[in-house]
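In mature numbering (1 follows the signal peptide of the UniProt record, and there is no 0), the protein residues as written are -20 to -1, 1 to 1067. Glycine included, each C-beta is placed from N, C-alpha and C at the ideal position. All figures in this text were calculated on a predicted structure; none of them were measured in a lab. Following: one structure in structure tokens, then a few remarks.
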């Protein structure tokens, strides 16, 4: 105690002595041109004592004589000044050239200063990708880049993601951007499984397939640059109409060996469920539904009027249900919640390690990452193993060779999805509240959930609520998990080798050879007794993809005069790819639980090969006048194998101009405007025809087809071939997109605030569409150049550091984008091109409307927009009526997208949050419509209520004209009086036009807007806690969340979804798998 007391007295005394030695230091901070700097942080090194310069650039601080002052400010290099015996200090800060001259990786891997660019490009670095634990590099862009919209097909791991920049540019073609890794174009296709000849590859049902962009390991990414428009990506020629995603992977740096290790654990949960009712059981007309029965509806008795008998039977351990007045009733009925009891909290684990280093001669980096994700769906998972290598070697002072290799091995199981009687969500949501899909089982693999037990009269058959005594008409979700597995196994290699030769005298050369190759093996099994294929089915589907990309580039740069600099490149590109699908299908299985093609009695196979070749020549000319005016002119000529041989050469030019007006005298104010640039660009790019569109082709006839009575193919083991129904067109031209862009880049207050504004307009012409032909031609359609589409929009990026004081710093950004597109023209005689959908509701292209709009049957309305209510006597009287033809129901494109990110840093802590707002855009909630008819939707909680449909009385006559009854049995043109008659919301109404199986689709077209806490993280640099362990150079510990808050008016699952996956037909919700929210922890260590 005495020692502690003396120590305390000593500390007080030493503090008094130190205080006696302090002095006040004043000073002034200016930029290199003498302008006073506002808001520069002046901090005593190694302490929390700090201040900031005022509006005159002055500061005042109390310090000790041995103190060192640290001057820091955004856009300026840090400067350290020792006090000594001085009481006045004036400091001049130099511009941080690294910040002002930020390098951007542009087309063909060319690195350029961001300030030189005459077009919009945005880059995010590795930290922005990794900080919230996102395992999909594409999804990591959400909310961070202006003009980027990303939609997922499912919340399960390995699901596809659809990315679009600035809306659609093609009517029937792919609207996703080009993906490039380290200068090599890669495939981002989804590749649907099945045989197109019999429709088993339909995107509306079956297991979800992964788009190949998911193979990229985020831990290997150094940066992602988004080239948003044709001007930015014009050097890629054909394929650049939709912009480009440029991914640069990590590489080694000269220095001692460095080891980076990270470990992440993540937990996924469903973030939104569809609304289901829990008041009415299976049955019709308010009666208790019987088991077994093929009745699929939940229009039975009220749950609060029922009791279980307590005598177990084949369908429920609690017995059968009876009314409360029945003496057999013993146990109170409690509804089952099949939805929430099915899904689970799913952990995932990511472990990554890399070794890097090198010297002046060579550098290297080797990395390995294992990702293992369990799914929210029991028994399902996704695993990805990634190995990467990056190396460089200086063969001489002038020659350098480098390589990047990325190998991925992934495997997964994927759940059944969509309009599918084996679909998980279809089975879960249609199951009535009086049937327990799990039958009390706690293990999803327990056969008691999905099989009738030994001793039952149905022993060995599927246990399903819709069981007809022989077959489960809808598969029990647990049957689907165990009896209809879908597995994938993929191996992929992306890599390049590059030779750089500094010839001298301003000349240099580059040769890069790259490849993207993968084999994707898929296997689907339907056991005997499955709803979709009661006799069983098995298929093997193998996709083999190979591409080779060669670039030879000769560059020259020189100073033409004192103020004029020139940089030019000419190049040659050779590109080839080949997609080979081998599909084998076996039907009529002999034995259950034998997942082998030998088990099939009938086997058929097909082979689809799609080769592609392209040769190109290009140039890129850059002029720099006094770092004030920058002009870039590019041109590319492509020769494509999918275009007519004598018309396959097409030239695509672009030009962009940037004017840094703050370089002119008097326009730059150091305290307010730090930097200003005006940019203009124009470009034309294209997209070639799909394979085999020139001449058509023969295909093997479907197993079920027959061209004469009693003959099918194969016939006695001999296959038959026939021409496809689409007539080839040898005069096809590539689609052409012309784009114009203007922008303004401004930086204020010593670069603490940045504003980028971009306006753009693009028009696609000669778009390839399918035109109908008379059946007398022997064909149904022909592809032609006829379509046209236009898009115009604006983007805004606001970045800044509102506060930087001492150890505290607040960085923020806002991304805003708005666009409108319109289909200007289809082919003559073509009123509509359907992209996808269902009977009654489609996603289609129609001239005069936005791309990929929703069309279907809305409410019939009078000329004033009032809903027309049936006025004729009968069951439908006083209910809304449907029109005779389909009409526009909504635009799937958003009105605007906005991302708002904030990072707060204090000492070793960093708090980050990103809000993502999508406003507008419609979606067809087909799930809710279907469940409304079935009776399980909470939309039917008002069943039996009296309801007044607001509208006017009338009906459609035989000619389809709107008329009304005048009260005397006469039809009078136009609508009649206002409806004042209430009607019951009955079972008949919901089974008819009031539900999804009727002719009124408009009720289920919903606003798919949302505001999400897209991601948030809190990390702490724990390096200071472990400094005694000298081999540890740095360490941090972090926690993160994703999508934990979702606000939306949408009445279904997370609206950031679409059943159709990575296709242009967005806006369909029909028993999609739900989205997820995530929570996790990350540990990073640097050795």
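**OP:** Name the two residues that bound the continuous beta strand (DSSP E) containing residue 1070.
**Re:** Since the first and last residues shown for the chain are -20 and 1067, residue 1070 lies out of range.
Subject >> Distance CB(residue 905)-CB(residue 1036) smaller than 7 Å >> reply: Taking C-beta atoms as the reference points, residue 905 and residue 1036 fail to come closer than 7 Å.
Subject >> Integer Cβ distance of residue 861 from residue 944, believed to fall under 8 Å >> reply: With 8 Å as the limit, residue 861 and residue 944 do not qualify as a contact, their Cβ atoms being about 11 Å apart.
**OP:** Tell me whether residue 926 is buried or exposed, calling it buried when 16 or more other Cβ atoms sit within 10 Å of its Cβ.
**Re:** By the neighbour-count criterion, in which a residue is buried when 16 or more other Cβ atoms sit within 10 angstroms of its Cβ, residue 926 is exposed.
**OP:** Rank 21, 823, 637 and 707 by C-alpha distance to the C-alpha of residue 1044 and give the top, closest one.
**Re:** Out of 21, 823, 637 and 707, 823 has the C-alpha closest to the C-alpha of residue 1044.
Original post:
Which value, in whole angstroms, describes the spacing of the CA atoms of residue 599 and residue 616?
Top reply: Each residue's alpha carbon lies about 7 Å from the other.
Subject >> residue 215 classed as buried or exposed, judged by whether at least 16 other C-beta atoms fall within 10 angstroms >> reply: Under this definition residue 215 is a buried residue.
**OP:** Taking 7 Å as the cut-off, decide whether the C-beta atoms of residue 22 and residue 56 are in contact.
**Re:** No, they are not a contact pair.
Original post:
In its own chain, which residues sit with a C-beta less than 6 Å from the C-beta of residue 346, not counting the 5 before and 5 after it?
Top reply: Hits under 6 Å: 335 and 369.
**OP:** Taking residue 114 and residue 1022 to be in contact with their CB atoms under 8 Å, please state how far apart those CB atoms are, rounded to whole angstroms.
**Re:** Between residue 114 and residue 1022 a beta carbon distance of about 7 Å is seen, short of the 8 Å cut, so the two are scored as contacting.
Subject >> alpha helix (DSSP H) segment containing residue 1043, residue limits >> reply: From DSSP, residue 1043 is part of no alpha helix (DSSP H); its letter is neither H nor E.
**OP:** Reducing DSSP to helix, strand and coil, say where residue 959 ends up.
**Re:** Here residue 959 sits in coil by DSSP.
**OP:** Quick one: residues in its chain with C-beta nearer than 8 Å to the C-beta of residue 84, no 5 flanking neighbours on either side, listed in chain order?
**Re:** Counting only Cβ-Cβ distances below 8 Å, and skipping sequence neighbours, we find 91, 92, 93, 94, 97, 101, 103 and 205.
Original post:
Nearest-angstrom Cα distance between residue 772 and residue 760?
Top reply: One C-alpha to the other measures close to 35 Å.
Original post:
Is it buried or exposed for residue 252, if we count other Cβ within 10 angstroms and need 16 for buried?
Top reply: It is buried - the Cβ of residue 252 has at least 16 other Cβ atoms within 10 Å.
Original post:
What distance in whole Å lies between the Cβ atoms of residue 933 and residue 955, which are believed to be in contact at a cut-off of 8 Å?
Top reply: Between residue 955 and residue 933 the beta-carbon gap is near 7 Å, inside 8 Å, which marks them as a contact.
**OP:** Quick one: residues in its chain with C-beta nearer than 8 Å to the C-beta of residue 587, no 5 flanking neighbours on either side, listed in chain order?
**Re:** 560, 561, 562 and 563, listed in sequence order.
Original post:
Which term fits residue 557, buried or exposed, when burial requires 16 or more other beta carbons within 10 angstroms of its beta carbon?
Top reply: Classification for residue 557: buried.
**OP:** Pick helix, strand or coil for residue 25, following the three-state DSSP scheme.
**Re:** In the structure shown, residue 25 adopts coil according to DSSP, grouped into three states.
Original post:
Applying the criterion that 16 or more other CB atoms from any shown protein chain within 10 Å of the CB defines a buried residue, is residue 578 buried or exposed?
Top reply: Exposed is the label assigned to residue 578, since fewer than 16 other Cβ atoms lie within 10 Å of its Cβ.
Original post:
Does the separation of the CB atoms of residue 730 and residue 654 fall below 7 Å?
Top reply: With contacts defined as CB atoms closer than 7 Å, residue 730 and residue 654 qualify as a contacting pair.
Subject >> At least three beta-carbon pairs within less than 8 Å, the stretch 248 to 265 to the stretch 190 to 206 >> reply: With fewer than three CB-CB distances shorter than 8 Å, the stretch 248 to 265 does not count as touching the stretch 190 to 206.
Subject >> residue 43, buried or exposed, once every other Cβ within 10 Å from all chains shown has been counted against 16 >> reply: Per the 10 Å Cβ criterion, buried.
Original post:
Near residue -20, which residues of its chain fall below 6 Å by C-beta distance, leaving aside the five closest residues on each side in sequence?
Top reply: Any reading at residue -20 needs caution, since the residue's pLDDT is 43, under 50, leaving its predicted position unreliable; the model's value is listed next. Sequence-distant Cβ neighbours of residue -20 in its own chain, meaning closer than 6 Å and more than five residues away, do not exist here.
**OP:** Identify whether residue -5 lies in helix, strand or coil by the three-state DSSP scheme.
**Re:** Below a pLDDT of 50, predicted positions are generally treated as unreliable, and residue -5, at 36, falls in that range; no measurement from the model is reported.
Original post:
Roughly how many angstroms lie between the CA atoms of residue 147 and residue 878, to the nearest whole one?
Top reply: Those two C-alpha atoms are separated by around 15 Å.
Original post:
Around the C-beta of residue 437, are 16 or more other C-beta atoms found within 10 angstroms, so that it is buried, or is it exposed?
Top reply: Flag for residue 437 reads exposed.
Original post:
Is residue 484 helix, strand or coil by DSSP?
Top reply: If DSSP states are grouped into helix, strand and coil, residue 484 belongs with the strands.
Subject >> Beta-carbon proximity list for residue 1025, same chain, < 7 Å, skipping 5 on both sides >> reply: So the list reads 992 and 993, once near-sequence residues are dropped.
Original post:
DSSP on residue 818, reduced to helix/strand/coil?
Top reply: In this structure, residue 818 counts as strand in the three-state DSSP scheme.
Original post:
residue 582 to residue 518, Cα distance in whole Å?
Top reply: Taking the straight line joining both Cα atoms gives about 10 Å.
Original post:
For the beta strand (DSSP E) that contains residue 457, what are its first and last residues?
Top reply: Element bounds for residue 457: not the beta strand (DSSP E) but the alpha helix (DSSP H), 457 to 463.
Subject >> Rounded separation between residue 342 and residue 236 - CA only >> reply: If I take the Cα positions, the gap works out to 12 Å.
Original post:
Measuring CA to CA, which of 188, 118, 793 and 442 is closest to residue 161?
Top reply: Closest by alpha carbon: 118.
Subject >> Through-space distance from residue 474 to residue 386, alpha-carbon basis >> reply: Looking at the two C-alpha atoms, the distance is approximately 5 Å.
Subject >> the stretch 390 to 403 in contact with the stretch 416 to 436 per 3-pair CB rule at 8 Å >> reply: Contact fails: fewer than three Cβ-Cβ distances are below 8 Å.
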